[in-house]
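Visitor: Chains A and B, in that order, give the protein sequences.
Number 298 in numbering that gives the first Met the number 0 belongs to position 299 of the first sequence; there are no gaps in the numbering.
Number 71 in numbering that gives the first Met the number 0 belongs to position 72 of the second sequence; there are no gaps in the numbering.
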Amino acid sequence: MTGPARRRLAAPSVVMLPRVADSLSFLYLDLVRIVQDETGVHARIDTPRGVDRIALPVAALSCILLGPGTSITQPALATIARHGATVVCTGAGGVRSYAGILPDSLTTRWLEHQARAWADEQVRLRVAVAMYEKRFGTGLPPGTTVAQLRGLEGQRVKALYQQLAQQHRIPRFRRNYDPARWEEQDPVNLALSAANTCLYGIVHAAVLALGCSPALGFVHSGKQHAFVYDIADLYKARTTIPLAFALHAASNPEQQARRRFRDELRLIKLLPRIVTDIQQLLAPEEADPVPDHEAVELVSLWDPELGVLPAGVNYAEHSIG
Amino acid sequence: MPSMVVLATTAVPDHVHGALSRWMLETMPGMFVGSVSARVRDLVWDTVSAVIGDGAAVLVYPADTEQGFAIRTAGERRRRPYEVDGLTLIRWTAQDGEAEEHEVPW
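(1) Tell me whether the beta-carbon of A:Ala193 lies closer than 7 Å to the beta-carbon of A:Arg257.
(2) Kindly confirm or deny that the segment 125-137 of chain A and the segment 224-238 of chain A touch, where touching means at least three C-beta pairs closer than 8 Å.
(3) Would DSSP call A:Leu101 helix, strand or coil?
(4) Could you tell me whether any Cβ in chain B is nearer than 7 Å to the Cβ of A:Ile53?
(5) Within a Cβ cutoff of 8 Å, which residues of the same chain sit near A:Pro67, ignoring the five residues on either side of it in sequence?
(6) According to DSSP, which residues form a beta bridge with A:Cys321?
(7) Measuring only between beta-carbons, confirm whether A:Arg48 sits less than 7 Å from chain B.
(8) In the segment 22-41 of chain B, which residues sit with their C-beta less than 8 Å from some C-beta in chain A, listed in chain order?
(9) By the three-class DSSP mapping on this structure, what secondary structure does A:Ala20 have?
(10) Tell me, please, whether the CB atom of B:Ala55 is closer than 7 Å to any CB atom in chain A?
(11) What residue range does the beta strand (DSSP E) around B:Pro61 cover?
(12) Would you please state the rounded distance, in angstroms, between the beta carbons of B:Ile70 and B:Val59? I believe it to be under 8 Å.
(13) Determine the direct distance from the alpha carbon of A:Gln279 to that of A:Leu215, and round the result to whole angstroms.
(14) Give me, in chain order, the residues of the same chain whose beta-carbon lies closer than 6 Å to that of A:Pro252; leave out the 5 immediate sequence neighbours on both sides.
(15) Exposed or buried, A:Ala248, counting other C-beta atoms within 10 Å across all chains shown (16 or more means buried)?
(16) Where does the unbroken beta strand (DSSP E) through A:His41 begin, and where does it stop?
(17) Measure the Cβ-Cβ separation of B:Gly29 and B:Thr46 and say whether it is below 7 Å.
(18) Just to confirm the assignment, what range does the alpha helix (DSSP H) spanning A:Ala179 have?
(19) Need the endpoints of the alpha helix (DSSP H) that A:Met130 sits in, please.
(20) Grab me the residues of B:Ala55's own chain with a C-beta within less than 6 Å of its C-beta, minus the 5 sequence neighbours each way, in chain order.
(21) So, with DSSP's three-state summary, where would you put A:Val94?
(22) Under the assumption that A:Lys157 contacts A:Leu233 (Cβ atoms under 8 Å), give the Cβ distance between them as a whole number of angstroms.
(23) Does the beta-carbon of A:Gln147 have 16 or more other beta-carbons within 10 angstroms, so that it is buried, or is it exposed?
(24) For B:Val47, which three-state DSSP category applies?
(25) Between the beta-carbon of A:Arg48 and the beta-carbon of A:Arg32, is there less than 7 Å?
(26) If you measure from the beta carbon of B:Arg76 to each beta carbon in chain A, is any gap under 7 Å?
(27) Roughly how far, in whole angstroms, is the beta-carbon of B:Val35 from the beta-carbon of B:Trp22, given that I think they are within contact range, below 8 Å?
(28) Pick out the complete alpha helix (DSSP H) segments inside the segment 147-229 of chain A, 4 residues or longer, and give them in chain order.
(29) Using a beta-carbon distance below 7 Å, is B:Ala93 in contact with chain A?
(30) Output yes or no for whether 7 Å exceeds the beta carbon distance between A:Gly93 and A:Gly221.
(31) Is B:Pro80 helix, strand or coil by DSSP?
(32) Report the partner residues of A:Glu284 according to the DSSP bridge assignment.
(33) Just to confirm, are A:Val57 and A:Ala84 a CB contact at a threshold of 7 Å?
(34) Short of 7 Å in beta carbon distance, which residues of its chain neighbour A:Ala116, apart from the five on each side in sequence? Order them along the chain.
(35) Are the C-beta of B:Tyr81 and some C-beta of chain A separated by less than 7 Å?
(36) Taking DSSP as the reference, what is the three-state secondary structure of A:Arg272?
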């Protein structure tokens, strides 16, 4: 039983995810060394026979996730950045997100949508409502306030906890994530906290890949990861919560929760979905991919009256007076 | 409906070249390009892979995948398609007891 599992742990993984809107494509690597040779970027895998190489199509990628056991050289990193791909250092299977390197050529399109929507109270509420609707798959009556939203959300989550507790024959469940009383918590709470941390990691990676700010949240606020918490909440009811309840009798619920997420790369498979959801929330009208030939990367100048103007033009003669 | 097919062969028996040239153009030694129906493509491929001997062949044709194409290989070579979640990369496999041909400069 441990044989295949151990081999799986020791085997390097290269997982590439399909392209989603805006030609985002993620590649997750672990236990490989990434180098730039004269002509390209390669992942090098040590095998008993010698070193295997896999050429990485870095120009066709938007984000590379480096899992444990990877090392990367500066020239490789520079080549990746030159092609506009984001690099994120993650835990095994994307369960944590430690740091992200954003190339300067990354588009600010989604960051601008986020900042605009966040700064306008009306739009912010609209996004918050859309988040709720996405989360529970139901519409809300127009004119719903944020307070009502929070109440509805609380009820929904409580009902879900109750339903799952019944299903697993757990007499009484109360969500508790008080770090000061960590040791006293039941397995479900421990598993849920651990699983949620994993989910935050992958959502953080997706937010960085888009060039959005993890800090500008719509429902949450005041934390560097407010937006990450917002987006992660969309998936808890379908991912982390059922998983945590399934681990109610586990001896080491935290570790098992992380492992279950990691082993099947469930989190990484969520990535394209997270990206599309963020895009749809921030700018529903723009979430469809721009056809390749139209997606010209240009620096633009902003004008409050005229909108976006081409940069690289001397506007001295255009100004009045 | 016919679609474009690229078939590259190395060290295949001579008669294979002749047979392939009936459907496709040999644009470079061993490299055939043509526009054939899926049926003809499969027929040609089955025939080629059956007589491959110590040679090798790779077939690339349009497919409804993320990458827009699919790859088939016959014969053992050091470059092997490496399938990852529906996408295909190429893995250059090391050979037993062989020192690396050149150190990576970086």
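Virtual Cβ for every residue (Gly too), placed ideally from N, Cα, C.
Guide: The structure says:
(1) yes
(2) yes
(3) coil
(4) yes
(5) Asp29, Leu30, Gly90, Ala91
(6) Residue 321 of chain A is absent from the model: chain A starts at 0 and stops at 320.
(7) yes
(8) none
(9) Annotation note: pLDDT 46 at A:Ala20 (below 50); position unreliable, coordinate value reported separately. It is helical.
(10) no
(11) 55-61
(12) 6 Å
(13) 16 Å
(14) Pro186, Leu189, Ala190, Leu246
(15) exposed
(16) 40-46
(17) no
(18) First-last for A:Ala179: undefined, no H or E at that position.
(19) 120-135
(20) Thr9, Gly74, Arg76
(21) coil
(22) In fact, because the Cβ distance is near 18 Å, the residues do not count as touching under 8 Å.
(23) exposed
(24) helix
(25) no
(26) no
(27) 6 Å
(28) 186-209
(29) yes
(30) no
(31) strand
(32) In DSSP, A:Glu284 forms no bridge with anything.
(33) yes
(34) Val122, Arg123, Val126, Leu281
(35) yes
(36) helix
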